[in-house]
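When we follow the numbering used here, the leftmost residue of the sequence shown carries the number 1416, and every step to the right adds one. Just so you know, even glycine gets a beta-carbon here, dropped at the ideal spot from N, CA and C. Take a look at the structure set out below.
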Amino acid sequence: MRFLCRPVIAMLFLSQKNDPELHPYRRGLYFAFFNALNWQVATGTPSVLFMAYLGADSFQTGLVYGWPLLLTPVQVFATLLLPRLGFKRLTLAGWGARSWFLLVPLALALLAPAEPVPWMIGAMVVAMFFYSLSRSVGAAAITTWLQTLVPANVRGRYWASDQIMGGAAAVGTLVVTAALFALLPAKWAFFAQYAISITGAYIALRCLRALPDIARPTVMSLAKIRTDTPRHLFQPGAFRTYLWLAILYYVVVTPLSPLGAFYLKATVGLSVSAIMGYTMLQYCGTIAGNWFMRSRIDRTGAKPFFRSSFVIFGVIAVGWLVCLRAPAVTAWLMPTLYFLMGAASGVFTAANVSYLAKILPEHDRALPVSLHGAITAFIGGLSPAAWGLLLKPGAGDAAGISPVAFQLFFGATIAGVLVLVFLVHRIHERAGHVDPLLEGSWLLRPFRAMTYLINLVELPGRERKEPKDDPAQR
1416 MRFLCRPVIA MLFLSQKNDP ELHPYRRGLY FAFFNALNWQ VATGTPSVLF MAYLGADSFQ
1476 TGLVYGWPLL LTPVQVFATL LLPRLGFKRL TLAGWGARSW FLLVPLALAL LAPAEPVPWM
1536 IGAMVVAMFF YSLSRSVGAA AITTWLQTLV PANVRGRYWA SDQIMGGAAA VGTLVVTAAL
1596 FALLPAKWAF FAQYAISITG AYIALRCLRA LPDIARPTVM SLAKIRTDTP RHLFQPGAFR
1656 TYLWLAILYY VVVTPLSPLG AFYLKATVGL SVSAIMGYTM LQYCGTIAGN WFMRSRIDRT
1716 GAKPFFRSSF VIFGVIAVGW LVCLRAPAVT AWLMPTLYFL MGAASGVFTA ANVSYLAKIL
1776 PEHDRALPVS LHGAITAFIG GLSPAAWGLL LKPGAGDAAG ISPVAFQLFF GATIAGVLVL
1836 VFLVHRIHER AGHVDPLLEG SWLLRPFRAM TYLINLVELP GRERKEPKDD PAQR
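Dropping the structure here:
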């Protein structure tokens, strides 16, 4: 952890003297750090495990995990508010509202009895719906706001620092929550994890408030959207071919993380701290995957990384089948499977944003990239809920997921991976370097990264207000 801790400490105490170029934008980096405390708990494995603690079934758990993806279309409509509200006000409205809904799981953690109570499960599902709805409103503006605010000459260092800050906070959150479950009773550990999430959201919001706004944009006309959308979706070409490949990828891969964690807790009875430890390895794998390909993708292109990602997911599915058939090896094999899952998803996400930049001309990129993000995220969000419904135990059956049914799920995963390996041969790629469409800590959220590419605005220019160094904020 030292290689993460030292740069993070340096960035947390960023001063005008040691880095005058990044110093005016340091609160954006602080936002990445404290925001990770929020999303790691609210939209990740900790909330999946809390659903299992409440006694939820696989469908309800898949629905909670899928809400941030299913509500992605809200981002498209939220962009219509940008000319009126501006980037900063819209972001603060969404990011400010979302944390209030985390008070629901905070209270449920203390109130939940030993036996499941249906209304508590329903309350959690509804609370996470509104959390994800608010998050989608804020996500409609934040990427473009920060990308435009930071000058081009320091933008690369800014996003690299952003990724280090977000990655360190995400992994650190999992370490702390795993320790909480090892030391405290479950209800107090869940209470503490949501308290951490709410605190992180509050500080992140304060950081955003300290940043200046940029010029309000004009929104892409509805006539252009209506005219060009069918062309992008149905006209033969590289974009349409790749869109269908990406849709299949998200359908196949998105359910692995939530349903795997739910099975380990609800069916196997593994401790929450152990599953948190596995999830920490998953995020370490994501960081490693991004780091590994960063210096190689310009030489090899994205296709070899797509192929590698799909093959690794096939290996993961086979590994799960081995664990289901021989439970004694689970403790030995599962850490490797989680690390590989993080690496494979991180590699695909980074290759994805680079490949899209290659096949779409810069002057005509906003709409197809937004369509790609909205469609893949929405359909990917359906997948955990749909599989959760299929794997849901019948009346009178034991809670959790049947091992036999779960074997069928991984059999379907292997079939999907084989189709993906076949389809990747059909896409074409030109050689050479291209700037990726997305950078920073967004890439550490592989199944939600594409939602941050939705951008139907037309900026009037690069003019912006320079942030003033307010002594009260030091």
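Residue environment, residue i, which counts as buried when at least 16 other CB atoms sit within 10 Å
| i | result |
| --- | --- |
| valine 1744 | exposed |
| proline 1645 | exposed |
| valine 1590 | exposed |
| arginine 1889 | Low confidence applies to arginine 1889: its pLDDT is 39, below 50, so where it sits in the model is not reliable, and the reading given next is rough at best. The residue in question, arginine 1889, is exposed, as its Cβ has fewer than 16 Cβ neighbours within 10 Å. |
| asparagine 1870 | buried |
| glycine 1587 | buried |
| phenylalanine 1677 | buried |
| proline 1651 | exposed |
| leucine 1679 | buried |
| threonine 1642 | exposed |
| proline 1498 | exposed |
| phenylalanine 1492 | exposed |
| asparagine 1450 | buried |
| asparagine 1568 | exposed |
| valine 1872 | buried |
| histidine 1848 | exposed |
| tyrosine 1617 | exposed |
| serine 1636 | exposed |
| histidine 1778 | exposed |
| threonine 1791 | buried |
| glycine 1826 | exposed |
| leucine 1620 | buried |
| glycine 1876 | Low per-residue confidence applies at glycine 1876: pLDDT is 46, beneath 50, and the placement is therefore not dependable enough to give any value. |
| arginine 1714 | exposed |
| proline 1776 | exposed |
| proline 1600 | exposed |
| glycine 1537 | exposed |
Cα-Cα separation between residue i and residue j, rounded to whole angstroms
| i | j | result |
| --- | --- | --- |
| leucine 1685 | glutamine 1822 | 19 Å |
| proline 1742 | glycine 1692 | 19 Å |
| serine 1785 | asparagine 1705 | 23 Å |
| serine 1395 | tryptophan 1454 | Residue 1395 falls outside the range modelled here, since the chain spans only 1416 to 1889, and no answer is possible. |
| glycine 1615 | leucine 1648 | 39 Å |
| serine 1769 | lysine 1718 | 10 Å |
| leucine 1486 | alanine 1542 | 14 Å |
| proline 1566 | glutamate 1436 | 9 Å |
| threonine 1458 | arginine 1513 | 12 Å |
| glycine 1801 | serine 1551 | Going by the sequence as given, residue 1801 is alanine instead of glycine. Taking the straight line from one Cα to the other gives about 22 Å. |
| arginine 1655 | glycine 1831 | 19 Å |
| leucine 1736 | valine 1819 | 10 Å |
| leucine 1598 | lysine 1639 | 57 Å |
| glycine 1700 | histidine 1438 | 30 Å |
| phenylalanine 1595 | alanine 1604 | Looking at the sequence itself, residue 1595 is leucine, so the reference to phenylalanine does not match. Approximately 5 Å, taken between the alpha carbons. |
| glutamate 1844 | glycine 1716 | 7 Å |
| valine 1489 | isoleucine 1794 | 14 Å |
| threonine 1892 | proline 1483 | Shown here, the chain extends from 1416 to 1889; a query on residue 1892 therefore has no answer. |
| arginine 1504 | arginine 1441 | 20 Å |
| proline 1673 | phenylalanine 1465 | 12 Å |
| proline 1624 | alanine 1703 | Going by the sequence as given, residue 1624 is arginine instead of proline. Straight-line Cα distance between these residues: approximately 32 Å. |
| serine 1724 | leucine 1526 | 42 Å |
| alanine 1607 | valine 1834 | 43 Å |
| methionine 1865 | proline 1783 | 12 Å |
| methionine 1535 | leucine 1523 | 7 Å |
| threonine 1694 | glycine 1796 | 20 Å |
| valine 1687 | lysine 1773 | 42 Å |
(Q) When you compare the segment 1523-1537 with the segment 1464-1481, are there three or more beta-carbon pairs, one atom per stretch, that lie closer than 8 Å? (A) Yes, the segment 1523-1537 is in contact with the segment 1464-1481.
Are the segment 1824-1843 and the segment 1747-1761 touching by the rule of at least three beta carbon pairs closer than 8 Å? Below 8 Å, too few C-beta pairs join the segment 1824-1843 and the segment 1747-1761 to call them touching: fewer than three.
Item checked: Ranges of the alpha helix (DSSP H) found wholly within the segment 1457-1524, counting only runs of at least 4 -> Whole alpha helix (DSSP H) segments, 4+ residues: 1460-1469, 1473-1485, 1488-1493, 1497-1513.
- So, do the segment 1723-1740 and the segment 1754-1761 have three or more beta carbon pairs nearer to each other than 8 Å? Verdict: yes, contact present.
For this session: Tell me, please, whether the segment 1474-1494 touches the segment 1569-1579 by the rule of three or more beta-carbon pairs shorter than 8 Å.
Result: Verdict: no, contact absent.
Do three or more CB pairs link the segment 1657-1664 to the segment 1538-1556 at distances below 8 Å? Result no; under three Cβ-Cβ pairs closer than 8 Å.
* Asked: At what residue ranges does the segment 1786-1853 contain a whole run of the alpha helix (DSSP H), taking only runs of 4 or more?
  -> DSSP runs (the alpha helix (DSSP H)) wholly in the segment 1786-1853: 1818-1838.
*In chain order, which continuous runs of the alpha helix (DSSP H) of length 4 or greater are located wholly inside the segment 1634-1707?*
Runs of the alpha helix (DSSP H) lying entirely within the segment 1634-1707, each at least 4 residues long, are 1637-1649, 1653-1668, 1671-1677 in chain order.
(request) Give, in chain order, every unbroken run of the alpha helix (DSSP H) that is at least 4 residues long and sits entirely within the segment 1525-1577. (result) The qualifying runs are 1533-1564.
- Do the segment 1762-1777 and the segment 1622-1639 touch if we need at least three Cβ pairs shorter than 8 Å? No: the two stretches stay apart, fewer than three of their Cβ pairs being nearer than 8 Å.
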